[in-house]
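Engineer: Sending over a structure as structure tokens; questions will come in a sec.
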DNA sequence: TTGTATGCGTTATCAT
DNA sequence: ATGATAACGCATACAA
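Protein chains in written order, with my numbering: chain A, 1 to 365; chain B, 1 to 365.
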């Protein structure tokens, strides 16, 4: 296909002029410009953006590296990143399924020269040194950073507080035996949620019964499988907090098949506030996480970082995670409590997600 | 950071040698190789892949363009693409939210020179000519192609048959009044599902009551909102087929709040077989779509296309969509039918997804 | 306003 | 086995 050289030749000008016509940063004679555009159109000339990138050292592309792509959460994060990137005319070079830091390293290398910045969710703490090596070449924004790691820009969810709030709410409803279904081992978000769970119990003057901390992996089946453990434990827990909604949903299904009523016999709370949470029966009490906003914030942070002077301090942003009370935890008291199946009147969709708003309440520390 | 030149200088060799050491395609003296690697390591040299791409005209990257990123479907498609691409050491340059062909055009241009192939889900039929322009520069694989479009490689879901099968099943259960909740206007998959719906009714000797074709948009709320229309129609439909699971779930919620029992009072069938479908109450009868497999197939097709000679015929692949009968449509007869809430015994997880298998049954035409 | 020439960081084709 | 050197396609400083 036509290159800038062929266009120049056909238009009877130099390649510099053609370049100028397209980049409109230098004045160029309207007539010649017209002619160049004409020729370019006829030849269907498309500039080679790889070459542009090499020459300008600017690719208008962000690298995005995630450990996984399962579930709505990551999907929403990507959507947020893509949305905001799009606004600023950036593209996304995606790479996921990084189980270890080796993967992160090789993927980063493959991205070198093709991105202006990297938005990275590191798989484990060992990624630390690799992050350092990457940072020397390209700006990095960390997603769900580990606390100890680095002085790097980052955006995270306030998992700890969200979880604490959720469990505190259960406690306030009178629950003494609360079980927890964990996320995959090594997952930062999941670990913080567990920490929040413990903290809430501690603050309630109870200590955690370790037998009630049931290992999970964020998938529905883990929640489903956790059911037996929960019901067979003695004394039987009256509430369960799942580290994410998928597992909460799996658990709900299992409980219902056992003839266990939710929330009457056992209360269930999830985390994430996935799209369908409000449409379940019973509707799922959960902690709202604006995954899409997380992605958008990451991009904004990146853009700021890129135009900041190298020495400036790292910005650490935390997106609030707030409890969204619905029916699965048992209505606290008044509110619009009951309703549910049976009432013909309660047709209010119980809007399952509180949109964008929350995103910008991110706290900077 | 260090470039190949600096490594060459520090190692006392030419840049050509350094290049050879890294690409191991030309024999090089073990000693000098050793020395080069040493120096490269010390300088932490990473080859610039943009420059490599320019020189080799090979980027090991696939462009992926989707109209949207909402919901599990697209997310799974991306996951499939990423998975398979990863296997072959390719990366993904992602771009979504293309509502019209203008967007597709500009995004394609921005990708030129940075991808070896483009996996494209076109937003509308007007993209036809643009696809042609793109194809002249880079191999293209179409996702969910419109039938009329081009002689281009493509992978699609067999929406028509899947939908027909679903509705035929409802008809076989005795349902005469069946409603349909459509997908977003212009969406190929959604339109094919509608076509399958109509066809099934036609084959059953009934014609479609257009008032029962209710506009939707693939979101939960559309299903929720469709409830009124459905219940108020007379004669009242005894079954509803939603163009995707999200809407089916929204509908289930609305029906339950109205005190309408599913499947006793009204049967519901969805499309997609999302992860939670089997965990709902009642579990959702739906049409299984291997979105992840779709993505993988697209990559495989692309790889084949790239090593095929330019003149060869386009490959059109269709991934089967098969009905997955669960409880929401009413058990046909025997089977493990009833159970549901109440039975303590039925703890079989009702595996919600039939994994990979189906993907490779893709039919080539 | 326009053209010339150099550089971006590689790979690859020649020589040697 | 290794070293010059010409691409790759474009942007841009400098000259004119």
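Ideal placement from N, C-alpha and C gives every residue a C-beta, glycine not left out.
Quantities reported herein were computed from a predicted structural model and do not represent experimental measurements.
Taking 8 Å as the cut-off, does the region 275-287 of chain B touch the region 319-331 of chain B (at least 3 CB pairs, one atom from each stretch)?
Structural biologist: Here the region 319-331 of chain B lies against the region 275-287 of chain B, with 3 or more beta-carbon pairs under 8 Å apart.
Engineer: Do residue 238 of chain A and residue 297 of chain A come within 8 Å of each other at the CB atom, strictly closer than that value?
Structural biologist: Residue mapping note: residue 297 of chain A aligns to position 297 of the first chain, counting from 1. Residue mapping note: residue 238 of chain A aligns to position 238 of the first chain, counting from 1. Not a contact, by the Cβ cut-off of 8 Å.
Engineer: Can you name the start and end residues of the alpha helix (DSSP H) that residue 295 of chain A belongs to?
Structural biologist: Residue mapping note: residue 295 of chain A aligns to position 295 of the first chain, counting from 1. Its alpha helix (DSSP H) spans residues 291-307.
Engineer: I'd like the span of the alpha helix (DSSP H) that includes residue 190 of chain A, first residue to last.
Structural biologist: Numbered from 1 along the first chain, position 190 holds the residue referred to as residue 190 of chain A. Here the alpha helix (DSSP H) through residue 190 of chain A covers 188-203.
Engineer: Spell out a yes or no on whether the region 180-194 of chain B and the region 231-247 of chain B are touching, meaning 3 or more CB-CB pairs, one atom from each, closer than 8 Å.
Structural biologist: yes
Engineer: Shortest alpha-carbon distance to residue 45 of chain B belongs to which of A:106, A:12, A:64 and A:168?
Structural biologist: The residue labelled residue 45 of chain B in the question sits at position 45 within the second chain. Answer by Cα proximity: A:106.
Engineer: Measure the Cβ-Cβ separation of residue 72 of chain A and residue 72 of chain B and say whether it is below 8 Å.
Structural biologist: As a working note, residue 72 of chain A is residue 72 in the first chain. As a working note, residue 72 of chain B is residue 72 in the second chain. Yes, Cβ-Cβ distance for residue 72 of chain A and residue 72 of chain B is below 8 Å.
Engineer: Can you give me the C-alpha to C-alpha distance between residue 247 of chain A and residue 225 of chain A, rounded to a whole angstrom?
Structural biologist: Position 247 of the first chain, counting from 1, holds the residue named residue 247 of chain A. Position 225 of the first chain, counting from 1, holds the residue named residue 225 of chain A. Residue 247 of chain A and residue 225 of chain A: Cα-Cα distance of roughly 9 Å.
Engineer: Give, in chain order, every residue of the region 3-21 of chain A whose Cβ lies closer than 7 Å to some Cβ of chain B.
Structural biologist: none
Engineer: Can you tell me the Cα-Cα spacing of residue 31 of chain A and residue 42 of chain A, whole angstroms?
Structural biologist: Your numbering for residue 31 of chain A matches position 31 in the first chain. Your numbering for residue 42 of chain A matches position 42 in the first chain. Distance between the alpha carbons of residue 31 of chain A and residue 42 of chain A: 17 Å.
Engineer: Taking C-alpha atoms, which residue in A:29, A:61, A:9 and A:155 lies nearest to residue 293 of chain A?
Structural biologist: Here residue 293 of chain A is taken as the residue at index 293 of the first chain, counted from 1. It is A:155.
Engineer: Taking residue 69 of chain A as the query, report the chain B residues whose CB atoms sit under 8 Å from its CB, ordered along the chain.
Structural biologist: For the purposes of this step, residue 69 of chain A is identified with residue 69 of the first chain, where counting begins at 1. Going along chain B in sequence order, the residues near residue 69 of chain A (Cβ under 8 Å) are 75, 78, 79 and 82.
Engineer: Buried or exposed for residue 309 of chain B, please, with buried defined as at least 16 other CB atoms from any protein chain shown within 10 angstroms of its CB.
Structural biologist: What you label residue 309 of chain B is simply residue 309 of the second chain in a count that begins at 1. Residue environment analysis places residue 309 of chain B among the exposed positions, since fewer than 16 neighbouring C-beta atoms fall within 10 angstroms of its C-beta.
Engineer: Let's test the definition: count the other Cβ atoms within 10 Å of the Cβ of residue 366 of chain A and tell me whether it reaches 16, buried, or not, exposed.
Structural biologist: Since the first and last residues shown for chain A are 1 and 365, residue 366 of chain A lies out of range.
Engineer: Using 10 angstroms around the beta-carbon of residue 227 of chain A, count the other beta-carbons present and answer buried if the total reaches 16, otherwise exposed.
Structural biologist: As a first step, residue 227 of chain A must be located in the first chain, where it is residue number 227. Counting every other CB atom within 10 Å of its CB across the protein chains shown gives residue 227 of chain A a total of 16 or more, marking it as buried.
Engineer: Can you tell me where the alpha helix (DSSP H) holding residue 111 of chain B begins and where it ends?
Structural biologist: For this step, residue 111 of chain B is matched to residue 111 along the second chain. That run of the alpha helix (DSSP H) goes 101-111.
Engineer: I want to see whether chain A comes within less than 8 Å of residue 48 of chain B, judged by CB atoms only; does it?
Structural biologist: Numbered from 1 along the second chain, position 48 holds the residue referred to as residue 48 of chain B. Yes, because at least one Cβ of chain A sits closer than 8 Å to the Cβ of residue 48 of chain B.
Engineer: Kindly give me the distance between the Cβ atoms of residue 143 of chain A and residue 121 of chain A, rounded to whole angstroms, as I take these residues to be in contact under 8 Å.
Structural biologist: Here residue 143 of chain A refers to the residue found at position 143 of the first chain. Here residue 121 of chain A refers to the residue found at position 121 of the first chain. Approximately 4 Å separates the beta-carbon atoms of residue 143 of chain A and residue 121 of chain A; this is inside 8 Å, confirming the contact.
Engineer: To which residues of the same chain is residue 162 of chain A closer than 6 Å at the C-beta, ignoring the five residues directly before and after it?
Structural biologist: Residue numbering aside, residue 162 of chain A sits at position 162 when the first chain is read from its first letter. Excluding sequence positions up to five before and after residue 162 of chain A, its CB lies within less than 6 Å of the CB of 287 and 321, all in the same chain and listed in chain order.
Engineer: Which residues in the same chain have their Cβ closer than 7 Å to the Cβ of residue 174 of chain B, if we skip the five residues on either side of it in sequence?
Structural biologist: The sequence position of residue 174 of chain B within the second chain is 174, counting from 1. So no residue of the chain qualifies.
Engineer: Where does residue 169 of chain B land, buried or exposed, given buried means 16+ other C-beta within 10 angstroms?
Structural biologist: The count along the second chain starts at 1 and reaches residue 169 of chain B at position 169. Residue environment analysis places residue 169 of chain B among the buried positions, since at least 16 neighbouring C-beta atoms fall within 10 angstroms of its C-beta.
Engineer: Using a 10 Å radius around the Cβ and a threshold of 16 neighbouring Cβ atoms, would you call residue 235 of chain B buried or exposed?
Structural biologist: Within the second chain, the letter at position 235 stands for residue 235 of chain B. Exposed, since its Cβ has fewer than 16 Cβ neighbours within 10 Å.
Engineer: Can you check whether the CB of residue 61 of chain B is closer than 8 Å to the CB of residue 151 of chain B?
Structural biologist: Residue mapping note: residue 151 of chain B aligns to position 151 of the second chain, counting from 1. Residue mapping note: residue 61 of chain B aligns to position 61 of the second chain, counting from 1. No; because the gap between Cβ atoms is not below 8 Å, this pair is not in contact.
Engineer: So, is the C-beta of residue 44 of chain B closer than 8 Å to a C-beta in chain A?
Structural biologist: Position 44 of the second chain, counting from 1, holds the residue named residue 44 of chain B. It does: the Cβ of residue 44 of chain B has a partner Cβ on chain A nearer than 8 Å.
Engineer: When the Cα atoms are used, what is the spatial distance from residue 300 of chain A to residue 190 of chain B?
Structural biologist: Within the first chain, numbered from 1, the residue matching residue 300 of chain A stands at position 300. Within the second chain, numbered from 1, the residue matching residue 190 of chain B stands at position 190. Going from the Cα of residue 300 of chain A to the Cα of residue 190 of chain B covers about 35 Å.
Engineer: Please list the partners that residue 119 of chain B has in chain A, where partner means a Cβ-to-Cβ separation under 9 Å.
Structural biologist: As a first step, residue 119 of chain B must be located in the second chain, where it is residue number 119. Listed by position along chain A, the residues whose Cβ is nearer than 9 Å to that of residue 119 of chain B form an empty set, because the closest Cβ is around 12 Å away.
Engineer: Hey, out of B:303, B:215, B:250 and B:265, whose CA is closest to residue 280 of chain B's CA?
Structural biologist: Taking the second chain and counting its residues from 1, the one referred to as residue 280 of chain B is at position 280. The residue from B:303, B:215, B:250 and B:265 with its alpha-carbon nearest to that of residue 280 of chain B is B:250.
Engineer: Which word fits residue 203 of chain A, buried or exposed, when buried means at least 16 other C-beta atoms lie within 10 angstroms of its C-beta?
Structural biologist: Translated into the one-based positions of the first chain, residue 203 of chain A becomes position 203. Burial call: exposed.
Engineer: Out of A:94, A:56 and A:158, which one is the CA nearest neighbour of residue 317 of chain A?
Structural biologist: If you number the first chain from 1, residue 317 of chain A lands on position 317. For the residues A:94, A:56 and A:158, the minimum Cα distance to residue 317 of chain A belongs to A:158.
Engineer: Which two residues bound the contiguous alpha helix (DSSP H) that contains residue 255 of chain A?
Structural biologist: The residue given as residue 255 of chain A occupies position 255 in the first chain. Taken as a continuous stretch (DSSP letters only), the alpha helix (DSSP H) holding residue 255 of chain A covers 245-257.
Engineer: By the three-class DSSP mapping on this structure, what secondary structure does residue 164 of chain A have?
Structural biologist: Residue mapping note: residue 164 of chain A aligns to position 164 of the first chain, counting from 1. Helix, per DSSP.
Engineer: Just to confirm my understanding: we take residue 270 of chain B, look at its own chain, exclude 5 residues before and 5 after, and list those with CB closer than 6 Å. What are they?
Structural biologist: Within the second chain, the letter at position 270 stands for residue 270 of chain B. Hits under 6 Å: 242, 245, 248, 284 and 286.
Engineer: For the putative contact between residue 367 of chain A and residue 124 of chain B, defined by C-beta atoms under 8 Å, what is the C-beta separation to the nearest angstrom?
Structural biologist: Residue 367 of chain A lies beyond the stretch modelled for chain A, which goes from 1 to 365, so this question has no answer here.
Engineer: Cα separation between residue 134 of chain B and residue 140 of chain B?
Structural biologist: Counted from its first residue, the second chain places residue 134 of chain B at position 134. Counted from its first residue, the second chain places residue 140 of chain B at position 140. About 8 Å.
Engineer: So, is residue 88 of chain A buried or exposed, given that buried needs 16 or more other C-beta atoms within 10 angstroms?
Structural biologist: Taking the first residue of the first chain as position 1, residue 88 of chain A is located at position 88. Counting Cβ neighbours within 10 Å, residue 88 of chain A comes out exposed, since fewer than 16 surround it.
Engineer: For residue 143 of chain B, which residues does DSSP report across the bridge?
Structural biologist: Residue numbering aside, residue 143 of chain B sits at position 143 when the second chain is read from its first letter. B:155, per the DSSP bridge assignment.
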